[in-house]
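Asker: Numbering-wise (UniProt numbering), the sequence shown opens with residue 1 and increments by one.
Yeah, the Cβ is synthetic: ideal placement off N, Cα and C, and Gly gets one too.
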Amino acid sequence: IPALFVAGVGLLIYFTGQDCPKGNYKDLQKQGVMEKRPAGEVFAQACSHIDTWLLFVQYACCFGIELTINNFAVSYYVDEFGQSLEIAGLVGSLFGLMNLFARALGGIISDFANKNLTFLNKNHSLKARMITHCGILLYEGLMLIAFSRATTFGAAVGVMVLFSMGVQCAEGTSFALVPYVDPPVTGAVSGIVGAGGNTGAMMWGFLFLFGGHSDRDTLLILGIIVMLSAFVGVFFKFPKFKDADEQKIKATEMGEVETEIPPVPAS
Numbered sequence: 001i002p003a004l005f006v007a008g009v010g011l012l013i014y015f016t017g018q019d020c021p022k023g024n025y026k027d028l029q030k031q032g033v034m035e036k037r038p039a040g041e042v043f044a045q046a047c048s049h050i051d052t053w054l055l056f057v058q059y060a061c062c063f064g065i066e067l068t069i070n071n072f073a074v075s076y077y078v079d080e081f082g083q084s085l086e087i088a089g090l091v092g093s094l095f096g097l098m099n100l101f102a103r104a105l106g107g108i109i110s111d112f113a114n115k116n117l118t119f120l121n122k123n124h125s126l127k128a129r130m131i132t133h134c135g136i137l138l139y140e141g142l143m144l145i146a147f148s149r150a151t152t153f154g155a156a157v158g159v160m161v162l163f164s165m166g167v168q169c170a171e172g173t174s175f176a177l178v179p180y181v182d183p184p185v186t187g188a189v190s191g192i193v194g195a196g197g198n199t200g201a202m203m204w205g206f207l208f209l210f211g212g213h214s215d216r217d218t219l220l221i222l223g224i225i226v227m228l229s230a231f232v233g234v235f236f237k238f239p240k241f242k243d244a245d246e247q248k249i250k251a252t253e254m255g256e257v258e259t260e261i262p263p264v265p266a267s
């Protein structure tokens with residue numbers, strides 16, 4: 001049933017959706033308002049920005065951690081706390097359940113900080129977003145360390161929920177920054193950053209398998225790695241609004257659609 005539902009949604013999007021708020025790419029290219037560029041050129045442009053790769057690393061430390069814990073939580077509760085598979089599975093599902101709101105919450109927090117913590121944006125228009133993002137990564141790492149040290153089942157469950165919220169929020173704050181790397185190639189940047197999550201999951205899985213440490217100590221190591229990933233934010237090179245191309249900045253504004261682009265005629 002879930003597979004049929006997903007397939008149905010996919011077909012609905014394909015036949016009724018549009019490529020972007022401005023219309024379908026093919027129509028925009030016909031009107032001459034959108035340049036058709038080789039995929040390799042777009043990908044190379046996205047790869048040329050250090051911010052793309054810094055976010056790649058940080059996404060490995062949030063979404064990559066999420067994938068790892070999803071695969072690991074049930075066996076951890078069985079082995080460390082002697083729970084049955086039924087109870088461990090139920091409790092482990094709480095980690096993924098936070099996705100219902102916490103990932104969106106990360107984006108909301110980033111928007112709130114950008115709008116209200118204007119003193120942080122005095123020297124750089126994205127400073128509030130960057131600080132918020134790195135701060136949530138720090139929180140995530142601290143909660144992961146706390147989870148690794150929890151010695152009772154109840155404490156482990158409670159800390160895991162708080163840790164999961166940090167993981168999902170960090171994913172949201174990551175993609176609150178992605179559109180500002182280079183707006184014309186945001187799709188390619190998004191793909192690279194998203195791949196960081198899968199890469200991270202593979203790396204952390206190998207750490208559990210071949211690291212030679214207990215599960216608790218491996219979680220501790222991962223918590224430290226996540227905290228360190230927050231500090232790579234000092235190398236961000238996002239363009240400042242006052243120096244960036246005005247049209248590029250417009251493209252990143254929530255709800256902004258360039259009015260000079262003519263409406264796409266109905267086919």
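Compute the Euclidean distance between the alpha carbons of MET98 and LYS26, then round it to the nearest angstrom.
Answerer: To locate residue 98, count along the sequence shown from 1; it is residue 98. To locate residue 26, count along the sequence shown from 1; it is residue 26. Cα to Cα, the separation comes out at about 38 Å.
Asker: Given LEU117, which residues of its chain have a CB within under 7 Å of its CB, disregarding the five upstream and five downstream residues?
Answerer: Taking the sequence shown and counting its residues from 1, one reaches residue 117 at position 117. Taken in chain order, the residues that qualify are ALA128.
Asker: Any chance the stretch 131-144 sits against the stretch 164-181, with 3 or more Cβ pairs inside 8 Å?
Answerer: Cβ pair count under 8 Å is three or more, so yes.
Asker: Could you tell me the distance, in whole angstroms, from the CA atom of LEU162 to the CA atom of MET143?
Answerer: For the purposes of this step, residue 162 is identified with residue 162 of the sequence shown, where counting begins at 1. For the purposes of this step, residue 143 is identified with residue 143 of the sequence shown, where counting begins at 1. Cα to Cα, LEU162 sits roughly 7 Å from MET143.
Asker: Under 8 Å: do the stretch 50-63 and the stretch 223-237 share three or more Cβ pairs, one atom per stretch?
Answerer: With a cut-off of 8 Å, the stretch 223-237 and the stretch 50-63 count as touching, because enough Cβ pairs lie within range.
Asker: Can you check whether the CB of MET160 is closer than 8 Å to the CB of PHE147?
Answerer: Numbered from 1 along the sequence shown, position 147 holds the residue referred to as residue 147. Numbered from 1 along the sequence shown, position 160 holds the residue referred to as residue 160. Closer than 8 Å, so yes.
Asker: Going by C-alpha distance, which of GLU35, GLU66, PRO2 is nearest GLY223?
Answerer: As a first step, residue 223 is located in the sequence shown; it is residue number 223 there, counting from the start. For the residues GLU35, GLU66, PRO2, the minimum Cα distance to GLY223 belongs to GLU66.
Asker: Does DSSP classify GLY92 as helix, strand or coil?
Answerer: Within the sequence shown, the letter at position 92 stands for residue 92. Note: GLY92 maps to helix in three-state DSSP.
Asker: Does DSSP put CYS134 in a helix, in a strand, or in coil?
Answerer: In the sequence shown, residue 134 corresponds to position 134, counting from 1. If DSSP states are grouped into helix, strand and coil, CYS134 belongs with the helices.
Asker: Please go through the same chain and pick out, in chain order, the residues whose beta-carbon is closer than 6 Å to the beta-carbon of ASP79, but skip the five residues on each side of it.
Answerer: Along the sequence shown, read from residue 1 onward, the residue named residue 79 stands at position 79. None.
Asker: Starting from THR152, trace the alpha helix (DSSP H) both ways and give me its first and last residue.
Answerer: Here the question's residue 152 lines up with position 152 in the sequence shown. Run containing THR152: none; DSSP gives neither H nor E here.
Asker: What number of angstroms, rounded off, separates the C-alpha of MET34 from the C-alpha of GLN18?
Answerer: Taking the first residue of the sequence shown as 1, we reach residue 34 at position 34. Taking the first residue of the sequence shown as 1, we reach residue 18 at position 18. Going from the Cα of MET34 to the Cα of GLN18 covers about 15 Å.
Asker: Is DSSP giving CYS61 helix, strand or coil here?
Answerer: Counting from one through the sequence shown, the residue named residue 61 turns up at place 61. If DSSP states are grouped into helix, strand and coil, CYS61 belongs with coil.
Asker: Where do the ends of the alpha helix (DSSP H) carrying TYR14 lie?
Answerer: Counted from its first residue, the sequence shown places residue 14 at position 14. Start and end: 2-16.
Asker: Mark MET254 as exposed unless 16 or more other C-beta atoms lie within 10 angstroms of its C-beta, in which case mark it buried.
Answerer: Counted from its first residue, the sequence shown places residue 254 at position 254. Only weak support exists for where MET254 lies, its pLDDT of 33 falling under 50; the coordinates are left without a value.
Asker: Expressed to the nearest angstrom, what Euclidean distance is found between the alpha-carbon atoms of GLY96 and SER75?
Answerer: Looking up residue 96 in the sequence shown gives position 96. Looking up residue 75 in the sequence shown gives position 75. Straight-line Cα distance between these residues: approximately 15 Å.
Asker: Can you find at least 3 beta carbon pairs, one from the stretch 199-217 and one from the stretch 100-118, that sit closer than 8 Å?
Answerer: Cβ pair count under 8 Å is below three, so no.
Asker: Could you compute how far the alpha carbon of THR218 sits from the alpha carbon of GLY64?
Answerer: Working through the sequence shown from its first residue, we reach residue 218 at position 218. Working through the sequence shown from its first residue, we reach residue 64 at position 64. So the two alpha carbons sit approximately 15 Å from each other.
Asker: Determine the contact status of ALA188 and ALA46, defining contact as a CB-CB distance below 8 Å.
Answerer: Within the sequence shown, numbered from 1, the residue matching residue 188 stands at position 188. Within the sequence shown, numbered from 1, the residue matching residue 46 stands at position 46. Yes. Within cutoff.
Asker: Relative to the alpha-carbon of GLY196, which residue among TYR77, THR152, ASP51 has its alpha-carbon at the smallest distance?
Answerer: To locate residue 196, count along the sequence shown from 1; it is residue 196. The option with the nearest alpha carbon to GLY196 is ASP51.
Asker: Would you list, in sequence order, the uninterrupted alpha helix (DSSP H) runs of no fewer than 4 residues that lie entirely inside the stretch 168-219?
Answerer: As far as the stretch 168-219 is concerned, its whole alpha helix (DSSP H) runs of at least 4 residues are 186-210.
Asker: Give me the Cα-Cα distance between GLY92 and SER229, rounded to the nearest whole angstrom.
Answerer: What you label residue 92 is simply residue 92 of the sequence shown in a count that begins at 1. What you label residue 229 is simply residue 229 of the sequence shown in a count that begins at 1. Taking the straight line from one Cα to the other gives about 25 Å.
Asker: From this set, CYS20, TYR14, GLY8, which residue's C-alpha is nearest PRO184's C-alpha?
Answerer: Residue 184 sits at position 184 when you count from the first residue of the sequence shown. It is CYS20.
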